[in-house]
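Below is one structure, written out as structure tokens; the observations come after it.
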Amino acid sequence: MSLLAINGGAPVRETAYPKWPVYGDKEREALNRVLESGVWGTLGNEVKEFNKRFAEYQGAKYGVAVANGTVSLEIILRALEIGPGDEVIVPPYTFNATVSSVLMAGATPVFADIEADTFNIDPAGIEKHITEYTKAIMPVHIGGRPCDMDAILAVAAKHRLFVIEDAAQACAAQWKGAKAGSIGDAGSFSFQASKNLTAGEGGFITTNDEALYDRCFSIHHCGRDMKNGLWYDHPHLGTNARMTEWQAAILNVQMERLDSQLETRMDNAAYLTRRLKEIPFVATLREDERITRNAYHLYIFRYFADKNRGVTREKFLEALKAEGIPCAPGYVRLYRQGMLRSPLAKRILRPGTSYDNLLLENTEKACCEEGVWLFQYMLLGTHKDMDDIADAIIKIGENTDELPG
Ligand SMILES: Cc1ncc(COP(=O)(O)O)c(C=O)c1O
């Protein structure tokens, strides 16, 4: 008789993990407030409040709420005057926007490999990609785990490069007590539906540089100069990337839930890490005392088929899902994406740029063999929820004879 749920056995878990997003009467009241105010669009009180609140929360002097975490990256790049002919160093293990934003700004993305045991950009591998055209490094705090910002800032300072933190997944994360997005020249956040702070869509730019803030604000607001200009004056080349009052109203309320949700995620993640350490064919990501807060947008661990009788990661994930545990293999290699090979991309990229033969070892392993994702909402429940994850993995390991090797 089969024991694994994928083969008809009883699953480890039949109940759902906590639902996401979490909301209540306060969100309803906030939406009604906006409805009745009659100010739904441009820069009303909710957006003003959120700009101040979120920038302060992330430890940055200035903040601009925008439509999403993709345009926020594009705006920062343009505000730093990064464009045609310039290169930006990015990791390939990230959401498409980190890379597409560079192309949308007219610049060329240059891929640097990730660390095998953190899945974040490897600072030691950045320098070899720096050329006379390099203008910025764009580290991504994957899953809410801060990158090694000390090492990245050191390389950037040595070569006089900007550091743009893609903190889309790292709201509230901290590196040595400093909040993500306040460490480099600018930070970019996303409030898309899956994120730890969400309004369905939304984004944010943080910076401590007043002049950069002014330029970002102007670009997101059709190139207007809000200090001295008239409404129909457009001294800068901008776009409309403004956040609506609806989004900001929801975010102002969601912020009240953020810290307690974070505490729960961190507690559950620590417990799950202890449990996963018992299992020989998986590895948790490297611990680093300098990470004073991991936001755990994702809980990522590594899977080793060779230590589990050759059962592929895909088969393992299918079996884990059947046991009632939501999970995913995560990102694909961005340097293999069609967007980099489109006719328009070819006109944008620096002459001679080709990603066809690129093969970055740790990215290949993370994307194709080892990476396993669990999602932030799964960490909002109890230790029993974490036990189910570990028990399901152990059960699969004990019954690999039921799976094709
Ligand atoms: C690392 C990273 N960068 C950028 C983005 C883009 O954010 P948005 O979906 O709000 O445009 C995301 C969102 O998924 C992300 O995870």
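Sequential numbering from 993 applies to the sequence shown in this note's numbering.
Cβ atoms here follow ideal geometry from the backbone N, Cα and C, with glycine treated the same way.
- Query: With distances taken from CA atoms, which of 1336, 1318, 1067 and 1376 is nearest residue 1364?
  - Reply: 1318
- Message: I'd like to check one pair, residue 1327 with residue 1350: are the Cβ atoms closer than 9 Å?
- Response: yes
- Close Cβ partners of residue 1007 (< 8 Å) along its chain, the five nearest in sequence each way excluded: The answer, listed in chain order, is 1316.
- Flag residue 1199 as yes when its Cβ comes closer than 8 Å to any non-hydrogen atom of ligand 3, and as no otherwise. This structure simply doesn't include ligand 3; it includes ligand 1 instead.
- Message: Quick check on residue 998: does DSSP put it in helix, strand or coil?
- Response: helix
- Query: The alpha helix (DSSP H) with residue 1029 in it runs from where to where?
  - Reply: First-last of the alpha helix (DSSP H) with residue 1029: 1017 to 1029.
- Task: List the residues that DSSP assigns as beta-bridge partners of residue 1295.
- Result: Note: residue 1295 sits in a beta bridge opposite 1274.
- Note the first and the last residue of the continuous beta strand (DSSP E) segment covering residue 1054. 1054 to 1058
- With C-beta atoms as the reference, is residue 1131 less than 9 Å away from residue 1158? yes
- Could you give the DSSP three-state label for residue 1256: helix, strand or coil? helix
- Whole-number beta carbon distance between residue 1264 and residue 1378, since they are thought to touch under 8 Å: 4 Å
- Query: If you drop the 5 nearest sequence neighbours on each side, which residues of the same chain put their C-beta closer than 8 Å to that of residue 1022?
  - Reply: Cβ within range, chain order: 1038, 1241, 1242, 1244 and 1245.
- Message: Check this for me: beta carbons of residue 1293 and residue 1277, under 9 Å apart or not?
- Response: Contact: yes.
- Option nearest residue 1088 by Cα separation, candidates 1230, 1330 and 1303: 1330
- Query: If we count the other Cβ atoms within 10 Å of its Cβ and call it buried at 16 or more, is residue 1060 buried or exposed?
  - Reply: So residue 1060 ends up on the buried side.
- Please go through the region 1125 to 1167 and give each complete beta strand (DSSP E) segment of 3 or more residues, from N-terminal end onward. 1126 to 1129 and 1154 to 1158
- Confirm, please, whether the CB-CB distance from residue 1012 to residue 1367 is below 9 Å. yes
- Query: How about residue 1182: is its Cβ closer than 8 Å to a heavy atom in ligand 1?
  - Reply: yes
- Message: Whole angstroms are fine: how far does the CA of residue 1341 sit from the CA of residue 1255?
- Response: 43 Å
- Message: With a threshold of 8 Å, are at least 3 pairs of Cβ atoms found where one atom belongs to the region 1064 to 1083 and the other to the region 1296 to 1310?
- Response: no
- Task: Answer yes if the region 1182 to 1195 comes into contact with the region 1215 to 1223, meaning at least three C-beta pairs across the two stretches below 8 Å, and no otherwise.
- Result: The region 1215 to 1223 is not in contact with the region 1182 to 1195.
- Nonlocal neighbours in the same chain, by C-beta distance under 8 Å from residue 1392, ignoring five residues either side: 1300, 1301 and 1303, listed in sequence order.
- Task: Using the Cα positions of residue 1045 and residue 1062, report the straight-line distance between them to the nearest angstrom.
- Result: 21 Å
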